[in-house]
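Notes follow once the structure below has been shown.
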Amino acid sequence: MKIEKNKVVSMHYVLRDMAGEVVDQSETDGPLSFIQGIGNIIPGLERVLEGKSIGDKFKITITPEDGGYGAIQPELIGKVPRSNFDENENLELGLVFEVNNEQGQYLARVVELDETHVTLDANHPMAGQILNFEIEVVSVRDANLTELAHGHVHPNGESDH
Ligand code: ZN
């Protein structure tokens, strides 16, 4: 069975940055499962997976602009006064907050701290990065109707949730 829109794909992957450091991989908790063609994964990966089948192994480099997580958007980085945070909040670099405002709900990381201010970055952690993937397709099946309605994979393809 070939990978095409609305197939459930499971794959092992290793993601390396430009320095060759592993930044993410599937191995520890089993393969990643997703529905092809509906934006569960980045466009660059969907594009290269289309037409592949079980057992296919390949490497792919994806740029931020062409199918990756996009360029870093400076407007998503902002400085806020420390007084905006609870005094007991243990602020440290890398801490991730859920932010709610008129633009909706998103995650922001603490990227800089000084005496008076906290700099938050709401870009995707992999924005602006060239992604080097190593992929192995381990299974391909049809998504069931509930999975298609929900837009995500259910463990073992169960139809209830
Ligand atoms: Zn569901």
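For the sequence shown, position 21 (counting from the first letter as 1) is numbered 85 according to my numbering, and the numbering increases by one without interruption. Yeah, the Cβ is synthetic: ideal placement off N, Cα and C, and Gly gets one too. Note that this is a predicted model, so its numbers are computed, not measured.
From the options, residue whose alpha carbon lies closest to that of residue i
i, options, result
"A213", "A83, I102 and D88", "I102"
"L195", "K71, M65 and E85", "E85"
"H188", "E68, I118, M65 and E139", "E139"
Residue i vs residue j beta-carbon contact at 7 Å
i, j, result
"G134", "I126", "no"
"I136", "A191", "yes"
"V73", "V204", "yes"
"Q100", "K71", "yes"
"I141", "D178", "no"
Cβ neighbours of residue i in the same chain (closer than 6 Å, five flanking residues each side left out)
i, result
"F197", "Y77, L79 and I124"
"V160", "L171 and R173"
Check: residue i C-beta below 6 Å from any heavy atom of the ligand ZN
i, result
"H214", "yes"
Rounded separation between residue i and residue j - CA only
i, j, result
"V144", "V201", "44 Å"
"G35", "E211", "Since the first residue shown for the chain is 65 and the last is 225, residue 35 is missing from the structure and cannot be characterised."
"V112", "K121", "12 Å"
"D88", "D81", "9 Å"
"F149", "H181", "10 Å"
"D130", "I106", "10 Å"
"H218", "E91", "19 Å"
"N154", "E176", "14 Å"
"D206", "E156", "44 Å"
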